[in-house]
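Structure record follows, encoded as structure tokens.
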Amino acid sequence: MEKSSKEPVVVKLGGACLLGVGIWVIVDPTGFREIVAANPLLFTGAYIMLAMGAMLFLLGFLGCCGAIRENKCLLLFFFMFILLIFLAELSAAILAFIFRENLTREFFTKELKKHYVRNNDTDVFSSTWNSVMITFACCGVNGPEDFEAVPPVPHLPLVGTTPEACCQRKLQSREGMFVNRDACLAGSERFQNRQGCYTVILNSFETYVYLAGALAIGVLAIEVLLCDHKSSVGGCPAVRQGAAPAEC
């Protein structure tokens with residue numbers, strides 16, 4: 002019974018994490034929401050995460066209640082929902098893997114060209130992109146060529162198409178000194194960060210994403226196997242001893 006009481010706790014923690022991430026995406030004041038605000042589908046996804054998190058948290062509570070009080074109906078309800086969530090997550094993971102290249106890269110490239118204002122730190126969208134490019138030593142989504150279609154700032158001379166945030170720095174921060182700012186802005190590739198941010202960030206997080214995905218699938222698979230085992234054994238100890246099952 003100890004294992005059964007721990008599984009709902011894990012589900013509750015997972016639900017709390019989803020709630021936290023969903024709330025962060027929606028209310029984050031640092032600029033992340035400005036990058037994705039132009040696409041309502043992304044914020045719809047955040048609200049879906051909130052709903053899923055709340056449902057998982059409630060599901061974990063019911064599972065804990067069923068495990069503590071040895072309620073066969075609640076435990077069966079808990080494991081059936083775990084199975085449905087497993088199938089839904091597996092389908093979502095497969096679709097996300099299939100369409101990750103086209104959708105993500107094309108969307109961010111389009112939004113960058115549409116909303117970015119070069120060398121403007123007063124615009125939240127542009128300032129956030131500048132911070133990303135400086136932090137990860139990258140340029141644009143695919144590379145400096147993304148900024149060729151970005152319109153120049155009115156009433157300001159256009160030195161080059163590459164923004165200042167794409168120039169190489171000795172230290173990757175806004176306070177870091179440029180290696181050669183003038184040559185970078187003049188178009189010298191030697192002093193520019195040539196790699197796109199999409200590839201850099203994807204490579205940085207890919208290992209952790211695969212690890213988290215594999216761990217989640219492993220945990221869900223174990224829970225499904227435990228569900229099958231419980232069904233074959235015949236339920237909770239209270240039922241096997243002839244006592245009436247408790248109700249939550």
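Here the sequence shown stands for residues 2 to 249, where the numbers follow this note's numbering.
The beta-carbon is built from N, C-alpha and C at its ideal position, and this holds for glycine as well.
Counting only the Cα atoms, Ile99 lies some 26 angstroms from Phe137. Cα atoms of Tyr117 and Phe82: separation of roughly 44 angstroms, rounded to the nearest angstrom. Here the C-alpha atom of Phe78 lies approximately 20 angstroms from the C-alpha atom of Leu91.
Taking a contact as a CB-CB distance under 8 angstroms, the pair Lys114 and Ala150 counts as one, their CB atoms being some 5 angstroms apart.
Put simply, of Val201, Asp147, Glu190 the residue whose alpha carbon is nearest the alpha carbon of Arg119 is Asp147.
Below 8 angstroms, enough C-beta pairs join the segment 193 to 201 and the segment 166 to 180 to call them touching: three or more. Between Leu88 and Thr123, the alpha-carbon positions lie close to 45 angstroms from each other.
Shortest Cα-Cα distance from Gly177 to any of Met56, Ile135, Lys111, Ala52 involves Ile135.
For Arg170, the secondary structure class from DSSP, reduced to helix, strand or coil, is strand. Note on geometry: alpha-carbon atoms of Cys185 and Asn131 lie some 15 angstroms from one another.
Within the model, the alpha-carbon separation for Leu84 versus Gly197 is close to 39 angstroms. In this structure Cys74 is exposed. Its beta-carbon is surrounded by fewer than 16 other beta-carbon atoms within 10 angstroms. Within the model, the alpha-carbon separation for Val125 versus Asn72 is close to 52 angstroms.
In this structure Tyr199 is in contact with Phe109, their Cβ atoms being roughly 6 angstroms apart against a cut-off of 8 angstroms. For the pair Asp183 and Thr129, the Cα-to-Cα distance works out to about 23 angstroms. Residue range 125 to 137 is occupied by the alpha helix (DSSP H) that includes Asn131. Between Val201 and Cys139, the CB-CB gap stays under 8 angstroms.
Looking at Ala52, Arg175, Pro145, Val133, the one whose alpha-carbon comes closest to that of Leu203 is Val133. With fewer than 16 neighbouring CB atoms inside 10 Å of its own CB, Leu172 falls in the exposed class.
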